[in-house]
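As C-alpha cells, the structure follows; a few thoughts come after it.
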Amino acid sequence: MNLRIHIHQAFTGGWCADIDDDHDRQPDDPFWCVDQWPTLQDALAAACAQLAALNASVQRTQPPSRVSGQLAA
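Each position in the sequence shown, counted from 1, maps to that position plus 5 in this note's numbering.
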C-alpha cells in the first residue's frame with residue numbers, strides 16, 4: 006500500500022492535510038485528515054507524524070482504517 010500526503014491551502018486560511026492511498030483518492034474518505042493548520046510547516050509535520058504512526062501500525066499487522074471507518078479494499 007502506497008500512502009500519500011496531500012497538503013493544500015484552505016479557502017478560509019491556514020492549511021489542510023490528509024493521507025490517502027493510490028487506489029482511492031477520494032477526498033471524503035482519507036485515512037487521516039485535519040482541516041486547519043496555521044502554517045505549511047505545521048501541516049507537513051503533523052502529516053509526517055501520522056504517516057509514521059500508520060506505518061508502525063501496519064508493521065504490527067494492523068491495517069489502517071479510513072476516517073469513515075471503512076477499510077481499504
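Even for Gly, the Cβ is constructed at its ideal location relative to N, Cα and C.
Put simply, of T44, D47, P43, A52 the residue whose alpha carbon is nearest the alpha carbon of W37 is A52. Per the C-alpha coordinates, the member of T44, W42, D23 positioned closest to D34 is D23. Judged by DSSP in its simplified three-state form, D34 adopts coil rather than helix or strand.
Secondary structure at A22: strand, using DSSP grouped into helix, strand and coil. Nearest to W42 by alpha-carbon distance, out of G19, I10, T66, is G19.
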